[in-house]
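Start counting the sequence shown at 10; every next residue gets the next number (my numbering).
Ideal placement from N, C-alpha and C gives every residue a C-beta, glycine not left out.
Note that the structure is predicted; figures quoted are calculated from it, not measured.
What follows is a short report on a single structure.
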Amino acid sequence: MKTFENYSLLNNNTFGVDVKANYFIEYDSVDELQSLLRSDLLQESKFMHIGGGSNLLFINDYQGVILHSQIKGIDAVEGTRSKVVLRAGAGERWDDFVEYCVSKNYGGVENLSGIPGEVGATPVQNIGAYGAEVRNSIVAVECVNTKTGEERIFTAKECQFGYRDSIFKRELKGKYIVTYVHYQLCKTGWTPNVDYGSLKTEIHDAEHATLKDVRNAVLTIRSRKLPEPKVLGNAGSFFMNPVVSTAKYGEIKLKFPDIPCYIVSDTEVKVPAGWLIEQCGWKGKSVGKVAVHGSQALVLINKGGANGLDIINLSDSIRASVRDKFGIDLTPEVNIIFG
Numbered sequence: 010m011k012t013f014e015n016y017s018l019l020n021n022n023t024f025g026v027d028v029k030a031n032y033f034i035e036y037d038s039v040d041e042l043q044s045l046l047r048s049d050l051l052q053e054s055k056f057m058h059i060g061g062g063s064n065l066l067f068i069n070d071y072q073g074v075i076l077h078s079q080i081k082g083i084d085a086v087e088g089t090r091s092k093v094v095l096r097a098g099a100g101e102r103w104d105d106f107v108e109y110c111v112s113k114n115y116g117g118v119e120n121l122s123g124i125p126g127e128v129g130a131t132p133v134q135n136i137g138a139y140g141a142e143v144r145n146s147i148v149a150v151e152c153v154n155t156k157t158g159e160e161r162i163f164t165a166k167e168c169q170f171g172y173r174d175s176i177f178k179r180e181l182k183g184k185y186i187v188t189y190v191h192y193q194l195c196k197t198g199w200t201p202n203v204d205y206g207s208l209k210t211e212i213h214d215a216e217h218a219t220l221k222d223v224r225n226a227v228l229t230i231r232s233r234k235l236p237e238p239k240v241l242g243n244a245g246s247f248f249m250n251p252v253v254s255t256a257k258y259g260e261i262k263l264k265f266p267d268i269p270c271y272i273v274s275d276t277e278v279k280v281p282a283g284w285l286i287e288q289c290g291w292k293g294k295s296v297g298k299v300a301v302h303g304s305q306a307l308v309l310i311n312k313g314g315a316n317g318l319d320i321i322n323l324s325d326s327i328r329a330s331v332r333d334k335f336g337i338d339l340t341p342e343v344n345i346i347f348g
């Protein structure tokens with residue numbers, strides 16, 4: 010276990026916002042986490058748990074304790090001829106886990122290649138990209154109760170996954186810390202999921218595509234669209250794609266015939282937030298030390314030296330523009346921390 014006081018979080022958030030926490034503590038095991046939760050420091054202080062910091066926006070210094078998992082390991086805990094279940098530590102880098110699966114020829118998470126962050130965040134956010142969501146692979150989530158220190162295993166059903174959502178973001182927010190995640194993957198019978206627009210274009214021979222082909226294609230597309238956080242601070246997609254009723258979509262389409270959508274159900278469609286933002290003239294636009302990325306309007310960037318308030322002000326301006334033009338309210342995907 011490692012404990013740091015008056016700790017700079019500059020390298021623990023991909024937006025590159027220079028804020029501090031009173032304490033920053035890393036732990037290596039469930040036992041250490043349980044011990045921490047019983048400690049006087051955490052009993053008397055506000056605390057929060059973070060992963061790789063790829064989905065966080067700090068507005069001010071954090072007046073409390075930041076916890077970070079260093080629980081590692083990837084182990085096969087169950088398997089059949091066609092399936093395998095891998096148990097991964099919450100502190101594993103997510104893309105390292107994906108690379109491991111592809112190297113073993115285990116299919117199911119290859120479309121989620123290149124997503125920053127750690128394994129522990131994947132069930133919380135229900136991460137998704139290029140036509141796939143992690144909930145399709147998760148079978149169980151091991152957690153520790155932040156009040157009692159007791160361990161609990163949640164089934165996939167109990168996680169109540171939704172679009173970029175789970176019970177850990179709602180009713181159980183801050184009440185459990187993820188320690189391990191169980192993923193079920195295909196050993197045989199895998200078929201490539203390449204119907205998503207840009208992925209379908211990148212992979213010319215989808216019928217014979219391998220896991221490595223899909224992973225490489227996803228990484229190539231991401232490198233073209235998304236800036237490297239170490240160069241330009243960002244948290245990937247800042248907003249979720251809004252889901253609207255088919256009736257609402259029909260009304261908007263009368264005024265904007267080119268508006269794209271993805272069918273969610275018989276009564277709802279998903280509208281690309283990036284398209285809405287671009288139509289409002291924000292793509293590539295700078296405001297002081299922050300900007301909307303020129304290749305992907307969903308990405309807000311820190312050009313250098315910006316603080317959290319600069320970024321949230323830009324976000325609010327974009328939301329107001331989209332609301333005024335389309336009558337749609339964008340919801341931030343990032344977790345905004347006020348300190």
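A straight-line Cα-Cα distance of about 16 Å links residue 61 and residue 241.
One alpha carbon belongs to residue 46, the other to residue 34, and they sit about 11 Å apart. Taking residue 211 as the centre and dropping the five residues before and after it, the same chain places the C-beta of 226, 229 and 230 closer than 7 Å to its C-beta, in chain order. Close CB contacts of residue 42 within its chain, under the 6 Å cut and outside five residues either way in sequence, are with 36 and 153 (chain order).
Under the three-state reduction of DSSP, residue 160 is assigned to strand.
Between the segment 180–193 and the segment 140–155, the count of Cβ pairs shorter than 8 Å is three or higher; the stretches touch. Just so you know, the alpha carbons of residue 235 and residue 53 end up roughly 40 Å apart. Taking the Cα positions, residue 224 is about 43 Å away from residue 48. Counting the other Cβ atoms within 10 Å of the Cβ of residue 305 gives 16 or more, which makes it buried.
Looking at 30, 131, 165 and 25, the one whose alpha-carbon comes closest to that of residue 12 is 30.
Burial state of residue 134 is buried, judged by a 10 Å Cβ sphere holding 16 or more other Cβ atoms.
Excluding its 5 nearest sequence neighbours in each direction, residue 300 has C-beta neighbours in its own chain below 7 Å: 294, 310 and 312, listed in chain order. The straight-line gap separating the alpha-carbon atoms of residue 91 and residue 196 is approximately 5 Å.
Residue pairing of residue 81 in beta bridges, as defined by DSSP: absent, with no partner found. Counting along the chain, residue 229 sits inside the alpha helix (DSSP H) bounded by residues 220–234. Counting C-beta pairs closer than 8 Å gives fewer than three between the segment 315–326 and the segment 104–124, which falls short of the contact rule.
The closest CA to that of residue 50, considering only 271, 85, 73 and 120, is found on 73. Its chain contains 249 as the residues whose beta carbon lies nearer than 6 Å to that of residue 340, once the 5 sequence neighbours on both sides are disregarded; these appear in chain order. Considering only 20, 93, 215 and 26, the residue with the shortest C-alpha distance to residue 116 is 93. Pairing residue 67 with residue 261 gives a Cβ-Cβ distance that is not under 8 Å. Under the three-pair Cβ rule at 8 Å, the segment 96–106 does not count as touching the segment 198–207. Residue 328 and residue 338 have their C-alpha atoms spaced approximately 6 Å apart. Around the beta-carbon of residue 131, 16 or more other beta-carbon atoms lie within 10 Å, marking it buried.
In the three-state reduction of the DSSP assignment, residue 215 falls in the helix class, which pools H, G and I. Taking 4 residues as the shortest admissible run, the segment 125–194 contains the following complete alpha helix (DSSP H) segments, listed from N- to C-terminal end: 131–134.
When C-beta atoms of the segment 276–285 are compared with those of the segment 253–260, three or more pairs fall below 8 Å, so the two segments count as touching.
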